[in-house]
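The numbering of the sequence shown is numbering that gives the first Met the number 0, which starts it at 0 and goes up by one.
Backbone N, C-alpha and C fix where the C-beta goes; we use that ideal spot for every residue, glycine too.
In what follows, a single structure is set out as structure tokens and then discussed.
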Amino acid sequence: MTQALDEPTRLAMRAALEALDERLSTLLTNTESAAQQVPLKENASRLSRMDEMHNQSILRANRTVTKNRLMAIQKAFARIEDGTYGTCLECLEPIALPRLHAYPEASLCLACKAAGEASS
């Protein structure tokens, strides 16, 4: 295994994770009521209702992605605590800093992530 992140970088990434966690948590809270069941409206046209249901399904899918990212952020916090943050869980090599800046919750290097996606 190669060298882990230095302390200033680790602290900066922790701050980025905390900010992302707060933004995504706020997003979930703000979209909670919109994700509820679409009520039947007697005066609404069938097309309007279908549009509303379609928009709601997109919102629910986005909320699922957001929840998954929040879980990944919690796992990243645990990796920071145990000293493994920034190390790929597959190959044990460092995750490139540009990748961590783009996806601070990343647990795999780009090569391992691409290999996993190609095999599925």
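- With 16 other Cβ atoms within 10 Å as the buried cut-off, status of I94: buried
- Item | Continuous alpha helix (DSSP H) stretch holding G115: start and end | 109 to 118
- Item | Own chain, CB closer than 7 Å to L23, minus 5 neighbours either side, in chain order | T65, R68, L69
- Message: If contacts are defined as beta-carbon pairs under 8 Å, then I72 and D20 qualify, I think. What distance do you get, rounded to the angstrom?
- Response: The C-beta distance from I72 to D20 rounds to 5 Å, short enough to fall under 8 Å.
- Item | Buried/exposed call for L16, threshold 16 Cβ in 10 Å | Answer is buried; the Cβ neighbour count reaches 16.
- Item | Whole-number beta carbon distance between P97 and A75, since they are thought to touch under 8 Å | 16 Å between Cβ atoms; not a contact.
- Nearest to L99 (by Cα), restricted to the options C90, H53, Y84: Y84
- Item | DSSP-derived helix/strand/coil call for T63 | helix
- Item | Reference E31, options N61, A11, A113, R9, closest by Cα | N61
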